[in-house]
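These notes concern the structure reproduced below.
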Amino acid sequence: MEKNQEFTVTIEDMNEDGAGVGKLAGYIWFIKDTVIGDVVRAKAMKMKKSYGFARLMEVLEPSAGRVEPSCPVARQCGGCQLQAMSYEEQLRFKENKVLNNLMRIGKFKRDEIQMLPIMGMENPWRYRNKAQFPFGRNKDGEIIAGFYAGRTHDIIGNDDCLLGVEENQEILGIIKGFMEENGLEPYDEYAHKGLVRHVLIRKGFKTGELMVCLVINGRSLGKKAGDRRKDRWEDCMEGGLEDCREERMEGSQEDCREERMEGGLEDCWEKGTADSLAGRLVERLCQVNGMTSISYSVNMEKTNVIMGKKIVNLYGPGYIADYIGDVQYQISPLSFYQVNPVQTEKLYGTALEYADLSGNETVWDLYCGIGTISLFLAQKAKKVYGVEIVPQAIEDARRNAALNGMDNVEFFVGKAEEVLPEQYEKNQVHADVIVVDPPRKGCDKVCLDTILKMRPEKVVYVSCDSATLARDLRYLADGGYVVGKVRGCDMFPGTVHVETVVLLSQQKPDDTIEIDLDLDELDATSAELKATYKEIKDYVLKEFGLKVSSLYISQVKRKCGIEVGENYNLPKSENARVPQCPKEKEDAIKAALKYFAMI
């Protein structure tokens with residue numbers, strides 16, 4: 001097979017990124033935009049030793065699970081990897097993705113996983129309460145807004161993404177028209193020129209409140225209005241200060257004179273034009289029903305990061321409100337807030353169900369963001385502690401707690417892997433339940449180790465990446481926790497992403513299976529059967545960082561009155577000197593014997 005050669009193949013499977021997998025003469029092909037069961041014609045694009053990537057050219061025989069994508073730019077955009085798949089098939093794909101990762105990465109057996117049906121949506125469209133659109137120009141020179149094509153920064157024009165709210169299209173139309181009328185150039189990231197980079201649009205689903213935040217490559221909307229600025233400066237010079245003042249929406253002649261004295265006529269004109277442009281834009285955007293907050297974010301860096309650090313409020317309180325269940329949240333432009341509020345309520349409701357709070361528990365919520373889960377838990381818990389690394393998020397969390405009249409919540413700023421160990425070691429804090437909702441990379445090992453030391457009755461793990469979830473669950477299971485209910489939640493229909501919530505419970509000493517065993521047939525005692533020598537060695541190494549031999553373990557067992565097999569602790573020759581277990585290692589082995597309930 002050579003590059004650009006076409007071939008026919010049947011799609012037998014799908015990988016985690018949503019690409020179809022086909023085999024031809026033992027060689028594996030990955031083909032985007034295909035569905036299991038499709039027979040397709042594809043073109044070879046990139047080849048490795050045992051696998052390659054191909055481009056879909058034609059679907060020769062469609063799968064029973066294939067549907068026509070609802071979005072006309074689904075393939076070019078790449079944001080919805082599964083739009084060609086029926087929603088029932090999408091849910092099956094995501095459930096299998098979680099299950100396969102738990103088995104392959106987590107090394108759990110199928111009968112160890114209590115997999116509950118995935119939580120899907122009744123209507124898997126118009127679910128996103130947040131959208132960020134970049135601006136640019138198309139090949140005809142027209143201003144466009146849309147999304148970047150996969151793995152590129154080429155903008156695919158799309159004013160009406162079917163995952164977003166219907167108001168997006170109206171808002172984008174207003175902004176693009178305003179830019180054309182006033183000579184506001186879209187940002188060119190290669191030349192680092194142009195004013196308008198992105199727009200952030202948010203909507204409260206239960207309140208109907210709308211937010212618009214423009215991201216600009218300038219300090220104000222008037223700074224980069226184009227060469228017209230020089231023309232207006234000349235007009236001001238010819239017409240005098242009064243003409244300059246009239247260009248502004250507000251302010252007195254004295255204000256303008258002071259600014260002219262301090263910064264020159266050009267600075268005065270720029271501020272006036274900025275005020276005027278902002279005021280006119282606010283006026284137009286306020287025609288959209290539900291408009292509550294309008295602002296702009298200053299981002300003059302050469303970066304792929306969308307939002308700048310400075311937010312300038314133009315209209316409204318600077319935030320919108322929304323509810324998850326009965327809990328109200330204030331959402332600012334920089335706030336992290338789950339983008340699918342319908343499914344978020346199901347996800348958090350499941351987490352609350354798994355926590356099974358009676359009102360007497362102390363709960364720690366790690367990676368808490370603006371306190372979305374924390375406040376949900378605080379409705380049923382005695383005390384909740386939230387930990388988040390982003391200071392702004394903690395400010396939002398505290399404000400949201402006060403907004404809901406919750407005084408049983410306390411928040412810490414910092415990394416979970418630093419705050420939790422410090423609070424445990426210095427202040428001896430405890431937890432009945434720990435909830436974790438980490439980023440895609442999963443939990444830090446130090447954080448997991450601290451959880452194992454604190455030994456809460458339950459751990460509720462909320463995950464946005466089932467691969468790192470599987471890794472962390474294995475670590476916790478090896479540390480003495482039993483994985484219970486596992487349930488997926490489809491937060492992002494049309495995409496390959498899936499959220500998962502898992503309940504882990506502390507393994508009790510009585511979590512045993514009764515068997516009939518004749519000890520006379522074995523060279524071992526009942527105490528020895530509680531833990532193998534390898535398990536004792538592993539425990540001592542993990543908890544104390546010490547390596548101990550079977551000889552040392554048998555010596556300590558004898559001291560503790562535990563019988564050992566006759567082959568243990570015997571020298572290889574009559575005159576051989578038998579090394580004795582050092583005190584430090586003896587104490588560590590005794591700790592292991594206590595842990596395994598052998599003494």
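The numbers in the UniProt record's numbering rise by one with no breaks, and the one at position 379 of the sequence shown is 379. The beta-carbon is built from N, C-alpha and C at its ideal position, and this holds for glycine as well. Please read these numbers as outputs of a predicted model, since none were measured by experiment.
Practice prompt. List the residues that DSSP assigns as beta-bridge partners of K130.
Written response: Along the sequence shown, one-based indexing puts residue 130 at 130. R202, per the DSSP bridge assignment.
Exercise. Can you give the beta carbon distance from I331 to F376, rounded, assuming they're within the 8 Å contact cut?
Worked result: Against the sequence shown, residue 331 aligns to sequence position 331. Against the sequence shown, residue 376 aligns to sequence position 376. Not a contact, Cβ separation roughly 16 Å.
(message) Using the three-state DSSP reduction, which class does L334 fall into: helix, strand or coil?
(response) Translated into the one-based positions of the sequence shown, residue 334 becomes position 334. Annotated three-state conformation of L334 is coil, per DSSP.
Backbone CA spacing between Q90 and G494 [nearest angstrom]:
Residue 90 sits at position 90 when you count from the first residue of the sequence shown. Residue 494 sits at position 494 when you count from the first residue of the sequence shown. When rounded, the separation of the alpha-carbon atoms in Q90 and G494 is 7 Å.
Does the beta carbon of V462 sit closer than 8 Å to a beta carbon anywhere in chain D? Among the protein chains of the structure shown there is no chain D, as only one such chain exists.
Checklist entry - In three-state DSSP terms, what is L375? => result Walking along the sequence shown from the start, residue 375 turns up at place 375. Helix, per DSSP.
Residue from E410, K193 and F205 whose Cα sits closest to the Cα of K302:
The count along the sequence shown starts at 1 and reaches residue 302 at position 302. Nearest option by C-alpha distance: K193.
**Prompt:** If you follow the beta strand (DSSP E) that A531 is part of, which residue opens it and which one closes it?
**Reply:** Position 531 of the sequence shown, counting from 1, holds the residue named residue 531. Run containing A531: none; DSSP gives neither H nor E here.
Item to complete: Please list, in chain order, all residues of the same chain as Y319 whose beta carbon is under 7 Å from its beta carbon, the five residues on each side excluded.
Response: Translated into the one-based positions of the sequence shown, residue 319 becomes position 319. Same-chain partners within the cutoff: S293, Q330, I331 and S332.
query = For S463, does the three-state DSSP call read helix, strand or coil?
reply = Within the sequence shown, numbered from 1, the residue matching residue 463 stands at position 463. Three-state DSSP puts S463 in a strand.
Q. Less than 8 Å separating the beta-carbons of I155 and I171?
A. Taking the sequence shown and counting its residues from 1, the one referred to as residue 155 is at position 155. Taking the sequence shown and counting its residues from 1, the one referred to as residue 171 is at position 171. Taking 8 Å as the cut-off, the Cβ atoms of I155 and I171 do not count as close.
Exposed or buried, L116, counting other C-beta atoms within 10 Å across all chains shown (16 or more means buried)? Sequence index remark: in the sequence shown, residue 116 carries index 116 (1-based). When all chains shown are included, L116 counts as exposed.
| said: Since S295 and G308 should fall inside the 8 Å C-beta cutoff, what is the C-beta to C-beta distance between them, to a whole number of angstroms? | reply: Along the sequence shown, one-based indexing puts residue 295 at 295. Along the sequence shown, one-based indexing puts residue 308 at 308. The C-beta distance from S295 to G308 rounds to 11 Å, too long to meet the 8 Å contact threshold.
*asked:* Can you tell me which residues form a DSSP beta bridge with F53?
replied: Residue 53 sits at position 53 when you count from the first residue of the sequence shown. The partner list for F53 (beta bridge, DSSP) reads F30 and K46.
Please tell me whether S70 and D38 are closer than 8 Å, where the distance is taken between their beta carbons. What you label residue 70 is simply residue 70 of the sequence shown in a count that begins at 1. What you label residue 38 is simply residue 38 of the sequence shown in a count that begins at 1. The answer is no: Cβ separation not under 8 Å.
What do you get for V305, buried or exposed, if any count of 16 or more other CB atoms within 10 angstroms of its CB means buried? Looking up residue 305 in the sequence shown gives position 305. Label assigned to V305: exposed.
Between the alpha carbons of Q507 and T532, how many angstroms are there, rounded? Here the question's residue 507 lines up with position 507 in the sequence shown. Here the question's residue 532 lines up with position 532 in the sequence shown. If you take the alpha carbons of Q507 and T532, they lie about 18 Å apart.
Measuring alpha carbon to alpha carbon, tell me which residue in K3, G65 and N4 is nearest M14. On the sequence shown, residue 14 is found 14 positions in, with the first residue counted as 1. Taking only the C-alpha atoms, the option nearest M14 is G65.
Out of Y87, W125, F147 and N138, point me to the one whose CA is closest to G78's CA.
If you number the sequence shown from 1, residue 78 lands on position 78. In this structure, F147 is the residue among Y87, W125, F147 and N138 with its C-alpha nearest to the C-alpha of G78.
Discussion item. Within 8 Å, do at least three Cβ pairs link the region 201 to 210 to the region 178 to 189?
Written reply: Counting C-beta pairs closer than 8 Å gives fewer than three between the region 178 to 189 and the region 201 to 210, which falls short of the contact rule.
Handout entry: Nonlocal neighbours in the same chain, by C-beta distance under 8 Å from F178, ignoring five residues either side
Key = Here the question's residue 178 lines up with position 178 in the sequence shown. Excluding residues up to 5 positions away in sequence, L184, R280, L281 and R284 lie with their Cβ nearer than 8 Å to the Cβ of F178 in the same chain.
| query | Would you report the Cα separation of L452 and A431, rounded to the nearest angstrom? | reply | Here residue 452 refers to the residue found at position 452 of the sequence shown. Here residue 431 refers to the residue found at position 431 of the sequence shown. Going by the C-alpha atoms only, they are around 11 Å apart.
Which first and last residues belong to the alpha helix (DSSP H) in which P341 is found?
In the sequence shown, residue 341 corresponds to position 341, counting from 1. Looking at the DSSP string, the run of the alpha helix (DSSP H) that includes P341 is P341 to A355.
So, are the CB atoms of residue 604 and Y481 less than 8 Å apart? For residue 604 there is no data in the structure shown, the boundaries of the chain being 1 and 599.
**Report entry** Whole-angstrom distance between Q83 and K32, CA atom to CA atom
**Finding:** Locating residue 32 in the sequence shown gives position 32, counting from the first residue. Locating residue 83 in the sequence shown gives position 83, counting from the first residue. Straight-line measurement puts the Cα of Q83 at about 11 Å from the Cα of K32.
- request: Could you please give me the residues that DSSP links to L366 through a beta bridge?
  value: As a working note, residue 366 is residue 366 in the sequence shown. In DSSP, L366 forms a bridge with V387 and V436.
Please look up how many angstroms separate the CB atoms of L24 and V40, rounded, as I've assumed it's under 8 Å.
Locating residue 24 in the sequence shown gives position 24, where the first residue counts as 1. Locating residue 40 in the sequence shown gives position 40, where the first residue counts as 1. Between L24 and V40, the beta carbon gap of about 11 Å keeps them out of contact (Cβ cut-off 8 Å).
Chain-order list of residues whose beta-carbon lies under 6 Å from that of K415 (same chain, five-residue window excluded): Against the sequence shown, residue 415 aligns to sequence position 415. A distance below 6 Å between beta-carbons, with the five flanking residues on each side excluded, links K415 to the following residues of its chain, in chain order: I389.
Next item on the list: Pull up the distance between the alpha-carbon of T152 and that of S505, whole angstroms please.
Entry: Stepping through the sequence shown from its first residue, residue 152 is reached at position 152. Stepping through the sequence shown from its first residue, residue 505 is reached at position 505. C-alpha separation (whole angstroms): 44 Å.
Problem - P421 - containing alpha helix (DSSP H), residue span - result: Taking the first residue of the sequence shown as position 1, residue 421 is located at position 421. Residues A416 to N427.
*Does DSSP classify D478 as helix, strand or coil?*
Position 478 of the sequence shown holds residue 478. D478 falls in the helix class under three-state DSSP.
- Item | Proximity below 8 Å, CB of C118 to CB of E88 | One-based indexing of the sequence shown puts residue 118 at position 118. One-based indexing of the sequence shown puts residue 88 at position 88. One detail in the question is off: residue 118 reads as Ile in this sequence, not Cys. No.
Requested in this report: Closer than 8 Å by C-beta to K46: which residues in its own chain qualify, once you throw out the five before and the five after it? Chain order, please.
Outcome: Reading the sequence shown from its first residue, position 46 is the one you call residue 46. Shown here for K46: same chain residues with a beta carbon closer than 8 Å to its own, the five before and five after excluded, namely K3, G52 and F53 in chain order.
Q. Which first and last residues belong to the alpha helix (DSSP H) in which N313 is found?
A. On the sequence shown, residue 313 is found 313 positions in, with the first residue counted as 1. Where N313 is concerned, there is no enclosing alpha helix (DSSP H), although the beta strand (DSSP E) it sits in stretches over K310 to Y315.
Would you tell me roughly how many angstroms separate the C-alpha atoms of D396 and F135, rounded to the nearest one? For the purposes of this step, residue 396 is identified with residue 396 of the sequence shown, where counting begins at 1. For the purposes of this step, residue 135 is identified with residue 135 of the sequence shown, where counting begins at 1. Taking the straight line joining both Cα atoms gives about 29 Å.
**Request:** Name, in chain order, the residues that DSSP records as bridge partners for Q328.
**Result:** Here residue 328 corresponds to residue number 328 of the sequence shown, with the count starting at 1. In the DSSP output, where bridge partners are listed per residue, Q328 has Y323.
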